[in-house]
Amino acid sequence: MAGAIIENMSTRKLCIVGGILLVLQVIAFLVGGLIAPSPTTAVPYMSVKCIDVRKNHHKTKWLMPWGPNHCKKLKDFDEAVSRQIEANDIVFAVHIPLPSKEMSPWFQFMLFIMQLDIAFKMDNDLKENAEITLDVSLAYRDDMFDDWEEIAHAIEIRKLKCTFGSPKTVESEGRHYDCDFLPFMEIGSVAHKYYLINIRLPVNDRKGINVGIGEIKDIRLVGIHQNGGFTKVWFAMKTFLTPSILIIMVWYWRRITLMTRAPVLLEKVIFALGISMTFINIPVEWFSIGFDWTWMLLFGDIRQGIFYAMLLSFWIIFCGEHMMDQNERNRLSGYWKQVGPIAVGSFCLFIFDMCERGVQLKNPFYSIWTTEVGTELAMAFIIVAGICLCLYFLFLCFMVFQVFRNISGKQSSLPAMSKARRLHYEGLIFRFKFLMLITLACAAMTVIFFIVSQVTEGHWKWGDMTIQVNSAFFTGIYGMWNLYVFALMFLYAPSHKNYGEDQSNGDLGVNSGEELQLTTTITHVDGPTEVYKLARKEAQE
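Here the numbering used here runs 2 ahead of the position in the sequence shown, where the first position is 1.
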């Protein structure tokens, strides 16, 4: 009778905890949807054609497109031809941001893509597989009257992928090609108020540099940066969630250390998952407001990679601890086939990220996709990671299927038990299924909201209310995985309550006074799991 009362109380507590977590989850989505603005903003920039008639172009001189010290401008290339100005003397200048505006550290990063306006001419046609060479420089200053300080300078090559929808005849001259956007620049911090980009298109007929690239009319850039309002909401969430996960993590490990036995594998993995979640939560981004930390994007990728690798490993070990025999349980080495693809895939994605954003720490204009070797290398890493991910999910689906099949088969032994112990086992099985369903729901919500954020316009209008879908996706999914880790440590922390003695013949030989806890793995100080004992007895029969 005591066991039944405790089980009913435990089930009620589980429902209460589930309701509280659901409310918090809704709040996480509403914070992004109703309070935060859109995560990013895209700003178009049109370059200004400046004249640089110095004999030595290598000496540093920054050409401003507007302002008190603006450069001498060209309206178009026809004017350059009439004034006998060579292509090597033309500089495309872009000032960031637009006039009367300032950049802010709250913008966090800047990503730029380039679009070329190329006109068709019979005597200057765009060759197939043409490549354009860019001599690009980036500078900054924090006052409109300060001198420009160089950040980076590089010679970059981009492949042109353009199509022409009309017949290439004299009548079609002047029409523009339809060209793909080109990756241009990415910076992991916005520590200064003003930035200046100077772009040259050096021409060398003997070396074939910028020959056969058509008649370039204009260069357009699109700058993308994080919205300051969204950054503040994001930082606030991180600041709030960090102590929340830290507190539950300390409480969880204290409950484990109070046990007379050593921690088991699953308990260690849950604790490691909490550490990886805390690693993501710690709001080190606050320091980026005062320091020029260009490595924050790379650091963020590494933190996310560690968390997702731990999450995938936890799912495998959680399922495995309910189906493997006694010799293989509670040992990490028993999962090398399943955890191996996770390690290989994570390593490939890490190398890919280092080849891209790692190099961009020195050269923000670099892109691994701009060369044949780089593209093949990047695709190789992504394909290997994709194959590892597919193998992982095959392993996981097979293990989940086996666990549910085994549990369903073991339930036939439950009627032979006393009522109290039967309710206890049913509670354990229920909680396992409950966690699996919550896991599937979290994964499904992540995929669904990602798809919705990609196919919608970014916001929904309901009367006078505007809901930012993309912001809700980021804050909601981020809050969801924090709640998931919180729930794991709360529900699977060892308990020190006993459900009383029961000497019924249906107890399958389990001694009285065993611990009543929400974990399905270890419920006895010195013995195997209760569900494992149940499975073992039926297997022997």
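Where a beta carbon is used, it is the ideal one built from N, C-alpha and C, also for glycine.
Since the model is a prediction, treat every value here as computed from it, not as a measurement.
- When the Cα atoms are used, T135 and K209 turn out to be separated by approximately 12 Å.
- Burial is judged here by how many other beta carbons sit within 10 angstroms of a residue's own beta carbon; F122 has at least 16 and is buried.
- Per DSSP, reduced to three states, the secondary structure at T43 is strand.
- Shown here, Q228 sits in a strand according to DSSP, grouped into three states.
- DSSP lists Y196 as the beta-bridge partner residues of R143.
- When only Cα atoms are considered, L100 and S49 end up about 11 Å apart.
- The Cβ-Cβ distance between F383 and L351 falls below 8 Å.
- A residue is called buried when at least 16 other Cβ atoms come within 10 angstroms of its Cβ; I318 meets this threshold and is buried.
- Short of 6 Å from the beta carbon of H155, and not among the five residues preceding or following it, lie these beta carbons of its own chain, in chain order: S139.
- Rounded to whole angstroms, the gap between the alpha carbons of V83 and I159 is 26 Å.
- One Cα belongs to N212, the other to A141, and the distance between them is close to 24 Å.
- Your pair D137 and I157 checks out as a contact, with CB atoms roughly 6 Å apart and the cut at 8 Å.
- Close CB contacts of I221 within its chain, under the 7 Å cut and outside five residues either way in sequence, are with S49, F94, M116, L118, I201 (chain order).
- Per DSSP, the beta-bridge partners of P185 are I115.
- In this structure, DSSP gives Q110 a state outside helix and strand, which the three-state scheme calls coil.
- Annotated three-state conformation of M124 is coil, per DSSP.
- CA-CA distance, A132 to W297, rounds to 33 Å.
- Contact annotation: V471 and V235 have beta-carbon atoms that are not nearer than 8 Å.
- Contact between the region 288-295 and the region 184-200 is established, with three or more Cβ pairs separated by less than 8 Å.
- Considering only Y47, L24, V487, the residue with the shortest C-alpha distance to V271 is V487.
- Residue state for T241 is assigned as helix, using DSSP reduced to three classes.
- Here the alpha carbon of L334 sits roughly 7 Å from the alpha carbon of L267.
- Counting C-beta pairs with one atom in each stretch, the region 226-235 and the region 20-40 have three or more that are closer than 8 Å, which means they touch.
- At the C-beta level, A30 and G481 come within 8 Å of one another.
- If the five residues before and after I92 are omitted, its C-beta is found closer than 6 Å to the C-beta atoms of K51, all from its own chain and listed in chain order.
- In this structure, the beta-carbon distance from G360 to A387 does not fall below 8 Å.
- Going by C-alpha positions, T372 is about 16 Å away from E130.
- Annotation for M356: L300 place their beta carbon closer than 8 Å to its own, counting only its chain and skipping 5 residues before and after.
- The continuous stretches of beta strand (DSSP E) do not include R333, and DSSP gives it neither H nor E.
- Residues of the same chain with a CB within less than 6 Å of the CB of A474, apart from the 5 flanking positions on each side, are F31, G34, G35 in chain order.
- Between the alpha carbons of K421 and E428 lies a distance of about 10 Å.
- Secondary structure of Q86 (DSSP, three-state): coil.
- Taking a C-beta distance under 8 Å as the contact criterion, S278 and I308 qualify as a contact pair.
- For I385, the number of other beta carbons within 10 angstroms of its own is below 16, and it is reported as exposed.
- C-alpha of S102 to C-alpha of I479: approximately 37 Å in a straight line.
- The region 334-395 is shown to contain whole alpha helix (DSSP H) runs of 4 or more residues at 338-355, in chain order.
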